[in-house]
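Trainee: Residue numbers (my numbering): 227 to 463.
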Amino acid sequence: MKKNNRVFLEGMRDAIPIALGYYAVAFSLGIMARRVGLTPLQGFLSGILNHASAGEYAEFTVIAADSSYLEMAFVIFVTNARYLLMSCVLSQRFAAKTPIYHRVLVGFGITDEIFGISIAGRGSLNPYYSYGAMLLSLPAWAAGTACGIMAGNVLPASIVSALSVALYGMFLAIIIPPARKNRVVLGLVLVSFLCSFIASHIEWFAGMSESLRTILLTVVIAGTAAAVFPVKEEENA
Numbered sequence: 227m228k229k230n231n232r233v234f235l236e237g238m239r240d241a242i243p244i245a246l247g248y249y250a251v252a253f254s255l256g257i258m259a260r261r262v263g264l265t266p267l268q269g270f271l272s273g274i275l276n277h278a279s280a281g282e283y284a285e286f287t288v289i290a291a292d293s294s295y296l297e298m299a300f301v302i303f304v305t306n307a308r309y310l311l312m313s314c315v316l317s318q319r320f321a322a323k324t325p326i327y328h329r330v331l332v333g334f335g336i337t338d339e340i341f342g343i344s345i346a347g348r349g350s351l352n353p354y355y356s357y358g359a360m361l362l363s364l365p366a367w368a369a370g371t372a373c374g375i376m377a378g379n380v381l382p383a384s385i386v387s388a389l390s391v392a393l394y395g396m397f398l399a400i401i402i403p404p405a406r407k408n409r410v411v412l413g414l415v416l417v418s419f420l421c422s423f424i425a426s427h428i429e430w431f432a433g434m435s436e437s438l439r440t441i442l443l444t445v446v447i448a449g450t451a452a453a454v455f456p457v458k459e460e461e462n463a
């Protein structure tokens, strides 16, 4: 028990910078959530259940488009599918006798950053380390979303509009570094922009909601890229 407590506190300690970063990013998402009509409580619940920037952005986009629940579920599944792979990887790091409920709980709370600090350790992964990181990081993400909504309710429209630009800056920060290092990624980013623009002007696609169009383009472009430009095993080593 003492060992679990110590590991739990280590997870909280290592998650402090993650929690601070999450709050800042989620605050920008909260500004968008306010613009589509969510309340602070709804924003907090959204953040605690869907703790991913791309996932929440997709969620709010679907809400703004007044699309169906089925469409929302599918677009969030597509944007968050990488966490299935991360959960499988972490599951292999647990001791063989780790109960299934620990694996499920850790899988629920997985994010890119929590995965990074969890996988970096040597030896078997103690689930209490992930719990400590989750206890600090996930509420910070949810609180950031809620506070962004509250700020959007009280700040002048000009400031809210300026803060909403930060969200697009965040996504640029995500795609530019890998695009600079890899020409294939750069090409796919440009192709995605071009295809999205063309699809918005084609009559057949015009009848679709924006979120469904994004789903189709994501699946087609990502699937084609995976088939044409497969990543070699040694590149993942």
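Quick reminder that beta carbons are idealized off the backbone N, C-alpha and C, glycines included.
Could you give the DSSP three-state label for Gln268: helix, strand or coil?
Mentor: helix
Trainee: Quick one: grab the DSSP three-state call for Glu229.
Mentor: Checking the sequence shown, residue 229 turns out to be Lys, not Glu. If DSSP states are grouped into helix, strand and coil, Lys229 belongs with the helices.
Trainee: How about Asn230 and Tyr327: do their beta carbons lie closer than 8 Å?
Mentor: No, they are not a contact pair.
Trainee: Ordered along the chain, which non-local residues of its own chain (more than five positions away) have a Cβ less than 8 Å from that of Val417?
Mentor: Here the set comprises Ile447.
Trainee: Give me the Cα-Cα distance between Lys228 and Gly358, rounded to the nearest whole angstrom.
Mentor: Computed Cα separation, rounded: 14 Å.
Trainee: Tell me the start and end of each unbroken alpha helix (DSSP H) in the segment 322 to 385 that is at least 4 residues and wholly inside, in chain order.
Mentor: 326 to 334, 338 to 345, 353 to 380
Trainee: Under the rule that 16 or more other beta-carbon atoms within 10 Å means buried, what is Glu461, buried or exposed?
Mentor: Legend: pLDDT at Glu461 = 44, less than 50; position of this residue unreliable, value from coordinates given subsequently. Its Cβ having fewer than 16 others within 10 Å, Glu461 is exposed.
Trainee: Along the chain, where does the alpha helix (DSSP H) containing Ser418 start, and where does it finish?
Mentor: 409 to 425
Trainee: Rounded to whole angstroms, what's the CA-CA distance from Gly347 to Met298? Just pull it up for me.
Mentor: 36 Å
Trainee: Determine the direct distance from the alpha carbon of Leu412 to that of Ala405, and round the result to whole angstroms.
Mentor: 4 Å
Trainee: Do Leu316 and Val332 have their CB atoms nearer than 8 Å?
Mentor: yes
Trainee: Classify Ile242 as helix, strand or coil using the three-state DSSP reduction.
Mentor: helix
Trainee: Is Gly281 helix, strand or coil when you go by DSSP?
Mentor: helix
Trainee: Compute the distance between the beta-carbons of Val304 and Thr444, then report whether it is under 8 Å.
Mentor: yes
Trainee: Buried or exposed: Glu285, going by 16 or more other Cβ atoms within 10 Å of its Cβ?
Mentor: Classification of Glu285: buried, given that the 10 Å Cβ count is 16 or more.
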